[in-house]
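Q: Residue numbering for the sequence shown follows the numbering used here, starting at 4 and increasing by one per position.
Cβ coordinates follow ideal geometry from the N, Cα and C atoms, glycine included.
Treat the numbers as computed from the prediction; the structure is a model and nothing was measured.
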Amino acid sequence: MVGNKRATELLDADEQTLQIMEFIVSGGRFGINVAKVSEIMKYSQYPITPMPNSNPFVEGIFRPRTETMTVINLAAYMGMPPSADEETDILIITKLNNAETAFHVHGVEAIDVVKMSDIEKPDATIYGGEEGMATGIAKYGDKLITIVDFEKILIDISPNMGFSPSDVDKLGMRNRSTKPILLAEDSPLLERLIISSLEKAGYMNIICTSNGQEAWELLDGYRRSGQPIEEHVCAVITDIEMPLIDGHRLLKLIKDDAELRKLPVVVFSSIISDDNRKASNDLGAVASISKPEIAKLVTVLDRHIL
């Protein structure tokens, strides 16, 4: 209990916030991290060209400037009623995994600044676990906002945007390693894909946590055990955006600790921008890698573990 209390005090010492863009689909209230949004535009602003034999949730493509983007109908994907008035609908343009995609929603309400401590891990029995589309539930005033797992949606619709086993195959023959690696990833689907890819690469001992707080409490417990930290964990892989505390805060806690700072930490995220990469490097990450570049992740682990 003393250790958990100390971990909580460290987390509370620097309260984090997250900017969430609040949007509406069929009357439901949902959210997306502002860092994942490159712009918003009116749905009716540009003509959308249907594509034959495409996924049923794909409305088509459009060309707002020099690039062509795919338009995904979020209501259709969620199994919710269509828009009552498309003239007021909005396209949210996301930049994830180095690709831009447009999501058709029914309105954008506001940008809310939410405390990370007010974002809860979704209940798997309600939100579907790996099959669900929520990574967190944000409490903001009297509202509950479901934070949508946009990466999962993209992989569901276009599996080639996920982790390709062939990327690991290109690394050649691999030896097996049982050295423990701690993974902090809030998306159940991406967690499974990362684990299966790392196991294919020979890393057979992955310790999974679903947010930065769970990861930190494990690390704090390992540190207090009195045993060498390497007996419990040899490297940390963390997403950036997660409930409770994010990857950058987790990274700071690790590097501020005299015992844990020796651990190599890799930031593995779909929102690797120049600013996020600089922030990760300044905090002490050994690498910042954009999902789904699993071969790069394995190469970094090889260098720092093997």
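Hey, Val-74 and Leu-94 are a contact pair by Cβ (cut 8 Å); roughly how many whole angstroms apart?
A: For this step, residue 74 is matched to residue 71 along the sequence shown. For this step, residue 94 is matched to residue 91 along the sequence shown. With 8 Å as the limit, Val-74 and Leu-94 qualify as a contact, their Cβ atoms being about 7 Å apart.
Q: Given a cut-off of 8 Å, decide if Tyr-80 and Asp-115 are closer than it, judged by their beta-carbon atoms.
A: As a position in the sequence shown, residue 115 is number 112, starting the count at 1. As a position in the sequence shown, residue 80 is number 77, starting the count at 1. Against a cut-off of 8 Å, the Cβ pair of Tyr-80 and Asp-115 comes out as no contact.
Q: Spatial neighbours of Gly-205 within its chain, please: C-beta separation below 8 Å, excluding the five flanking residues on both sides.
A: Numbered from 1 along the sequence shown, position 202 holds the residue referred to as residue 205. If we look at Gly-205 and ignore the five residues flanking it on each side, its Cβ neighbours are Arg-177, Asn-178, Arg-179 and Ser-180.
Q: Would the segment 252–263 and the segment 286–295 be scored as touching if the rule is three or more Cβ pairs under 8 Å?
A: Output reads yes: the segment 286–295 touches the segment 252–263.
Q: By Cβ distance below 8 Å, which residues in the same chain neighbour Arg-264 in space, the five residues on each side in sequence not counted?
A: Here residue 264 refers to the residue found at position 261 when the sequence shown is read from its first residue. Ile-257, Lys-258 and Gly-287.
Q: Where does Ile-209 fall in DSSP's three states?
A: Reading the sequence shown from its first residue, position 206 is the one you call residue 209. Three-state result, Ile-209: strand.
Q: Among the candidates Asn-279, Pro-59, Thr-20 and Pro-267, whose CA atom is the shortest distance from the CA of Ile-161?
A: As a working note, residue 161 is residue 158 in the sequence shown. Per the sequence presented here, residue 161 reads as Ser, with Ile not at that position. Of the listed residues, the one whose Cα sits closest to Ser-161 is Pro-59.
Q: Could you check whether the segment 102–116 touches the segment 22–33, counting it as contact only if at least three pairs of C-beta atoms, one from each stretch, sit closer than 8 Å?
A: Touching, yes.
Q: I'd like the span of the alpha helix (DSSP H) that includes Phe-65, first residue to last.
A: Reading the sequence shown from its first residue, position 62 is the one you call residue 65. Note, Phe-65: premise wrong, no alpha helix (DSSP H); beta strand (DSSP E) at 61–65.
Q: What residues match up with Phe-26 in a beta bridge as DSSP calls it?
A: As a first step, residue 26 must be located in the sequence shown, where it is residue number 23. For Phe-26, which the question treats as bridged, DSSP gives the partners Phe-33 and Val-111.
Q: So the beta strand (DSSP E) Asn-76 belongs to, where does it begin and stop?
A: Residue 76 sits at position 73 when you count from the first residue of the sequence shown. Element bounds for Asn-76: 72–76.
Q: Going by the beta-carbon positions, is the gap between Leu-21 and Ile-122 smaller than 8 Å?
A: Within the sequence shown, residue 21 is the residue found at index 18, counting from 1. Within the sequence shown, residue 122 is the residue found at index 119, counting from 1. Taking 8 Å as the Cβ cut-off, Leu-21 and Ile-122 qualify as a contacting pair.
Q: When you compare the CB positions of Arg-280 and Ser-291, do they come within less than 8 Å of one another, or not?
A: Mapped onto the sequence shown, residue 280 falls at position 277. Mapped onto the sequence shown, residue 291 falls at position 288. In this structure, Ser-291 lies closer than 8 Å to Arg-280 by Cβ.
Q: Under DSSP, the alpha helix (DSSP H) around Val-301 begins and ends at which residues?
A: Counting from 1 along the sequence shown, the entry for residue 301 is found at position 298. Element bounds for Val-301: 297–308.
Q: With respect to the alpha helix (DSSP H) encompassing Ile-257, which residues constitute its N-terminal and C-terminal limits?
A: Here residue 257 refers to the residue found at position 254 when the sequence shown is read from its first residue. Taken as a continuous stretch (DSSP letters only), the alpha helix (DSSP H) holding Ile-257 covers 250–258.
Q: Less than 8 Å between the C-beta atoms of Glu-293 and Asn-101, yes or no?
A: In the sequence shown, residue 293 corresponds to position 290, counting from 1. In the sequence shown, residue 101 corresponds to position 98, counting from 1. In the sequence on display, residue 293 carries Ser and not Glu. Yes, the Cβ-Cβ distance between Ser-293 and Asn-101 is below 8 Å.
Q: Could you spell out the range, first to last residue, of the beta strand (DSSP E) harbouring Glu-42?
A: One-based indexing of the sequence shown puts residue 42 at position 39. Glu-42 -> beta strand (DSSP E) spans 40–45.
Q: Could you check where the alpha helix (DSSP H) with Glu-229 kicks off and where it finishes?
A: Taking the first residue of the sequence shown as position 1, residue 229 is located at position 226. Sequence inspection shows Gly at residue 229; the Glu mentioned does not correspond to that position. From DSSP, Gly-229 is part of no alpha helix (DSSP H); its letter is neither H nor E.
Q: Taking Cβ positions, are Asp-172 and Pro-246 nearer each other than 8 Å?
A: Indexing the sequence shown from 1 puts residue 172 at position 169. Indexing the sequence shown from 1 puts residue 246 at position 243. Result no, Cβ atoms of Asp-172 and Pro-246 do not sit closer than 8 Å.
Q: Quick check on DSSP: helix, strand or coil for Thr-91?
A: Sequence index remark: in the sequence shown, residue 91 carries index 88 (1-based). Correct three-state label for Thr-91: helix.
Q: Considering only C-alpha positions, which residue in the set Thr-241, Asp-260, Thr-302 and Val-117 is nearest to Ile-150?
A: Here residue 150 refers to the residue found at position 147 when the sequence shown is read from its first residue. Ranking Thr-241, Asp-260, Thr-302 and Val-117 by Cα distance to Ile-150 puts Val-117 first.
Q: May I have the straight-line CA-CA distance separating Thr-11 from Glu-233, to the nearest angstrom?
A: Within the sequence shown, numbered from 1, the residue matching residue 11 stands at position 8. Within the sequence shown, numbered from 1, the residue matching residue 233 stands at position 230. Per-residue confidence for Thr-11 stands at a pLDDT of 41, beneath the threshold of 50, marking its modelled position as unreliable; the derived number appears in the next sentence. About 23 Å.
Q: CB Ile-248 to CB Met-164, shorter than 8 Å?
A: Here residue 248 refers to the residue found at position 245 of the sequence shown. Here residue 164 refers to the residue found at position 161 of the sequence shown. For Ile-248 and Met-164, no; Cβs fall outside 8 Å.
Q: Is Lys-118 helix, strand or coil when you go by DSSP?
A: The residue labelled residue 118 in the question sits at position 115 within the sequence shown. Of the three classes helix, strand and coil, the one that applies to Lys-118 here is strand, per DSSP.
Q: Beta-carbon within less than 6 Å of Val-303's beta-carbon, same chain only, minus the 5 sequence neighbours each way: which residues are those?
A: As a position in the sequence shown, residue 303 is number 300, starting the count at 1. Val-269 and Ala-290, listed in sequence order.
Q: Excluding the 5 residues preceding and the 5 following Ile-35 in the sequence, name in chain order all residues of the same chain whose CB lies nearer than 8 Å to its CB.
A: For the purposes of this step, residue 35 is taken as residue 32 along the sequence shown, with counting starting at 1. Correct list, in chain order: Ile-23, Met-24, Phe-26, Ile-95, Thr-97, Ile-150, Val-151 and Phe-153.
Q: Buried or exposed, going by whether 16 or more other CB atoms sit within 10 Å of the CB of Leu-147?
A: The count along the sequence shown starts at 1 and reaches residue 147 at position 144. With fewer than 16 other Cβ atoms within 10 Å, it is exposed.
Q: With a floor of 3 residues, list each beta strand (DSSP E) that falls wholly inside the segment 128–194, ordered by position along the chain.
A: Runs of the beta strand (DSSP E) inside the segment 128–194: 137–143, 146–151 and 184–187.
Q: Among His-307, Arg-306, Pro-267 and Ile-243, which residue has its Cα nearest to the Cα of Ala-282?
A: Counted from its first residue, the sequence shown places residue 282 at position 279. Answer by Cα proximity: Ile-243.
Q: Please report the residue range of the alpha helix (DSSP H) in which Ser-282 lies.
A: Taking the first residue of the sequence shown as 1, we reach residue 282 at position 279. Residue identity check: residue 282 is Ala in the sequence provided, not Ser. Start and end: 277–286.
Q: Below 6 Å CB to CB, which residues in the same chain sit around Ile-308 once its five sequence neighbours on both sides are set aside?
A: As a position in the sequence shown, residue 308 is number 305, starting the count at 1. Contacts found: Lys-182, Cys-237 and Ala-238.
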